[in-house]
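*Asks:* Going down the list, the sequences are from chains Y and L.
For the first sequence, our numbering gives the first residue as 20, with consecutive numbering after it.
For the second sequence, our numbering gives the first residue as 20, with consecutive numbering after it.
2 protein chains.
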Amino acid sequence: MIERAVILSTGDELTTGRVIDTNSAYIADKFFSVGLEVVAVLKVGDTKEPLLWALRQGTELGDLVIGTGGLGPTEDDLTSDVVAEFLGRELRLDESIAEALSQRFEARGLPWTPNNLKQARFPEGAEIVPNPLGTAPGFRLDLGGGKTLLWLSGVPREMEAMLKEYVLPWLTSEAKTKAAAWACTFKIYGLTESKLDAILKPVSLGAQAKLSFRAHYPDLSVSLTLRGGREAEERFTALKAQIKDLIGPYIYGEGEETLEEVVGNLLLKKGWSLALAESCTGGYISHRITRIAGSSAYFKGGAVAYSLESKTHIVGVKQATLKRHGVVSRETACEMAEGIKRLAGADVGVSTTGVAGPAGGSREIPVGTVWLGMAHGDQIEARLFRFAGDREQVILGASQAALYWLRAVLVQKQ
Amino acid sequence: MIERAVILSTGDELTTGRVIDTNSAYIADKFFSVGLEVVAVLKVGDTKEPLLWALRQGTELGDLVIGTGGLGPTEDDLTSDVVAEFLGRELRLDESIAEALSQRFEARGLPWTPNNLKQARFPEGAEIVPNPLGTAPGFRLDLGGGKTLLWLSGVPREMEAMLKEYVLPWLTSEAKTKAAAWACTFKIYGLTESKLDAILKPVSLGAQAKLSFRAHYPDLSVSLTLRGGREAEERFTALKAQIKDLIGPYIYGEGEETLEEVVGNLLLKKGWSLALAESCTGGYISHRITRIAGSSAYFKGGAVAYSLESKTHIVGVKQATLKRHGVVSRETACEMAEGIKRLAGADVGVSTTGVAGPAGGSREIPVGTVWLGMAHGDQIEARLFRFAGDREQVILGASQAALYWLRAVLVQKQ
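1) Please list, in chain order, the residues of the segment 288-319 of chain L that have any C-beta partner in chain Y closer than 9 Å.
2) Please determine, among Gln431(Y), Lys337(Y), Gly77(Y) and Tyr208(Y), the residue with the shortest C-alpha to C-alpha distance to Leu278(Y).
3) For Leu74(Y) and Lys62(L), what's the separation of their Cα atoms in angstroms?
4) Taking DSSP's pairing of strands, which residues face Cys353(L) in a bridge?
5) Is there a Cβ from chain Y that is less than 8 Å from the Cβ of Ala356(L)?
6) What would DSSP say about Phe205(L), mapped onto helix, strand or coil?
7) For Met178(L), name the three-state secondary structure that DSSP assigns.
8) Name the DSSP bridge partner or partners of Gln398(Y)?
9) Per DSSP, Leu171(Y) is paired with what?
10) Is it right to say Glu212(L) is buried, meaning 16 or more other beta carbons lie within 10 angstroms of its own, or is it exposed?
11) So, for Leu27(L): in the same chain, excluding its five sequence neighbours on each side, which residues have a beta-carbon less than 6 Å away from its beta-carbon?
12) Specify whether the segment 296-305 of chain Y and the segment 404-421 of chain Y touch according to this definition: at least 3 beta carbon pairs, one from each stretch, less than 8 Å apart.
13) Mind checking the segment 63-87 of chain L against chain Y and listing, in chain order, the residues whose C-beta falls within less than 9 Å of any C-beta there?
14) Thinking C-alpha only, which one of Arg123(Y), Ser242(Y) and Leu129(Y) is nearest Ala139(Y)?
15) Ignore the nearest five residues each way along the sequence and tell me which others in Thr309(Y)'s own chain have a CB closer than 7 Å to its CB.
16) What does the alpha-carbon distance come out to for the pair Thr351(Y) and Arg307(L)?
17) Against chain Y, does Ser99(L) count as a neighbour if the rule is that its beta carbon must be under 8 Å from one of theirs?
18) Which one or two residues does DSSP pair with Ala294(L) in a beta bridge?
19) Which residue marks the beginning of the beta strand (DSSP E) containing Ala228(L), and which one marks its end?
20) Give the secondary structure of Ile21(L) by DSSP, where H, G and I count as helix, E and B as strand, and everything else as coil.
21) Identify whether Val148(L) lies in helix, strand or coil by the three-state DSSP scheme.
22) Please go through the same chain and pick out, in chain order, the residues whose beta-carbon is closer than 6 Å to the beta-carbon of Asp31(L), but skip the five residues on each side of it.
23) From the DSSP output, which residues share a beta bridge with Trp424(L)?
24) Give, in chain order, every residue of the segment 365-391 of chain L whose Cβ lies closer than 9 Å to some Cβ of chain Y.
25) Would you list the residues sitting across from Ile308(L) in a DSSP beta bridge?
26) For Gly358(L) versus Ala296(L), is the C-beta distance shorter than 8 Å?
27) Please state whether DSSP places Leu27(L) in a helix, a strand or coil.
28) So, is Trp170(Y) buried or exposed, given that buried needs 16 or more other C-beta atoms within 10 angstroms?
29) Could you spell out the range, first to last residue, of the beta strand (DSSP E) harbouring Ala59(Y)?
30) Do Leu182(Y) and Ile46(Y) have their C-beta atoms closer together than 8 Å?
31) With burial defined as no fewer than 16 other Cβ atoms inside 10 Å of the residue's Cβ, what is the status of Gly368(Y): buried or exposed?
32) Is Leu129(Y) helix, strand or coil when you go by DSSP?
33) Distance, Cα to Cα, Met355(L) vs Ser370(L)?
34) Can you tell me where the alpha helix (DSSP H) holding Pro69(L) begins and where it ends?
35) Below 7 Å CB to CB, which residues in the same chain sit around Gly380(Y) once its five sequence neighbours on both sides are set aside?
36) Strictly under 8 Å for the Cβ-Cβ distance: is Glu6(L) near chain Y by that measure?
Next comes the structure, spelled out in structure tokens:
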């Protein structure tokens, strides 16, 4: 039975403060959701002695030790060597991994250097953990006495894929953990973290349940977790219903669904196409829409109308409108939304015009002021927002507000 | 002499993944700059046993142990109790802190509860570390044998203030640390991590110097670090020059400079304006350009020409070109670059058209195929790229290639 886990994060970039370790929080969150307790997180640099120390401590404290980083081809990637030394095992070349690696390099016309073979050497007895997004696979080692050592890539997206596709299925399929946990996540728009916390205070959670808030601007979500097996299902369902009762209007999605995915699915379902005219958001909404595979089915395209010329020449805003009402105005936002809708032949046009800062603000139009425009059918509307924070936060906040408004229009028109 | 430091971060929110620990990276960065080596970072929850374990390990591994968190007034704030137990010392009430606390509460009209006194109790022999931004002060304890234990608030801004105003002056004023460290970072384009490593093999680093690689696609950088004071400057300069000799053509920046910042500065310096016509990159290049404050000085805007209509109607690509050569072709890339340059009235136009996947590929034009176009003056050119990886990687890779090409054009035209 695996109950206690220890996370090892390795890399000089972590102990010199050059990079913030997000991997351990991601793993801890996922482990929590399958009922594992993380007793400690250890971070050490790419140096043999501290790595050996971390392996010693980790295997002493935990049933499961999971490490990240140091699997690459370079001199400072020590993981496999140090793990082999720690366990007193030999390193073995995995022929099929070596073959796959050299094919991958050949396919891309990259020069094959002998140190690439480093990534195909694993401690004896290791089961390979495939890396669907990179060259360096990880490994799992049974250490005896019910202890397991797992090692994944340190690149966050590779680590996440390996965790989701290998580690979590391995943990849950054979019921290796103490108890399953019931968990659900609600994605929230329109509340601050402290407001959300206050609204949910009346929920009587009891000993085994927990609410976790996650604020990663502009994203906000709350997760309900309840430790327990089948018998806990009824209580979980009741708690979930109580939460939905309290914050229903602020929930735009469940699970890991992003706002751009929610909007994309609604556009598909409705058979509507979208066009965007972005000024202050500078292409960020287009990027959020197009990062979703299959978005070409509903996204026509748009304009990043950053300068005055591009607002008139590309999107077709009238010179007179810009002169009379200003660039950051209801009228300009409306003409941008309508213009791009017509130009791209789309069903709905969305626009943004505002002051992202840090410069460019005035007393009447301070930094953070953003007009959003929305045109569909023969309806054209604009709304005024004021976002707090720095340039990045204004861009993020405006993109979230635009997508959330679009979602509301699509839901309403269903 | 203090040479080795261990950082302890405490709190259940860290071991359940609810919060990402940024404190340890902040402290590690500051320690690195005063020549301290961080040998390990330990994170544990608010539970006595793991805390005792962390204190044991920390004081064994480091000359200086610095902890954060658990100094507050609530039940789960265990730090002072556990530290006192670990050292076998009594807790003592500090009258002046208790007095200051109760005055602070009175001044704000907050109810005074006895558990607030918790924050005024410290292990015997502690020197108080003032907290200029919060109620909970920290402490410093001389453990004998040249070892020191420091504890600060876990609230990031309070921790930062305590570190800057007390810890760093304490460390440097009495020359407690060995020496400063020399460091520089080079940003790289056009090499894989393993190729970079192979090229830099001949550099004879010696004992106190180190190369660290960091690959965060599409970013790649290598950092040189050399421990030592003034006397090490000459060696550092020589090593830096040797590295530049070996990889000069692949270096596009130094320090934390991003490629979009490098490009932005070059555009400014040259007085050129930029316009973009993005298809497969979906607005991501525009976003990278516009996230830089002040980019409106050189960025005119552009189009996200995702559909056929938007390529013809917005950017002005000829129907005949699309029909004869296809959407993903040299000719379309050229017409997009030239079209957006003219339309936006910019000095240089850059375009992207390709297949980001996962669907949409064919035998002739597989997923990852991207044509980039560049138009400036009366020159128009297109180049073919093939990017590996998933949709996100193709978008990231194409955006990096486009910006890098633009940089090359700007450098060449200087």
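For glycine and all other residues, C-beta sits at the position ideal for the given N, C-alpha and C.
*Replies:* This is what the structure gives:
1) Ser292, Ala294, Leu295, Glu297, Ser298, Cys299, Thr300, Gly301, Gly302, Tyr303, Ile304, Ser305, His306, Arg307, Ile308, Thr309, Arg310, Ile311, Ala312, Gly313, Ser314, Ser315, Phe318 and Lys319
2) Tyr208(Y)
3) 15 Å
4) Its beta-bridge partners do not exist; DSSP assigns none.
5) no
6) strand
7) helix
8) His395(Y)
9) Thr87(Y)
10) buried
11) Leu61, Ala73, Gly77 and Gly86
12) yes
13) Val63, Gly64, Thr66, Glu68, Pro69, Trp72, Ala73, Gln76 and Leu80
14) Arg123(Y)
15) Phe318
16) 24 Å
17) no
18) Gly320(L) and Gly368(L)
19) Ala228 to His235
20) strand
21) strand
22) Gly64 and Asp65
23) Looking at the DSSP assignment, Trp424(L) forms no beta bridge with any residue, so it has no partner.
24) Ala365, Ala375, Gly376, Pro377, Ala378 and Gly379
25) In the DSSP output, where bridge partners are listed per residue, Ile308(L) has none listed.
26) yes
27) strand
28) buried
29) Glu56 to Val63
30) yes
31) buried
32) coil
33) 6 Å
34) Lys67 to Leu80
35) Val374 and Val386
36) In the structure as shown, chain L begins at 20 and stops at 433. Residue 6(L) is therefore absent and cannot be evaluated.
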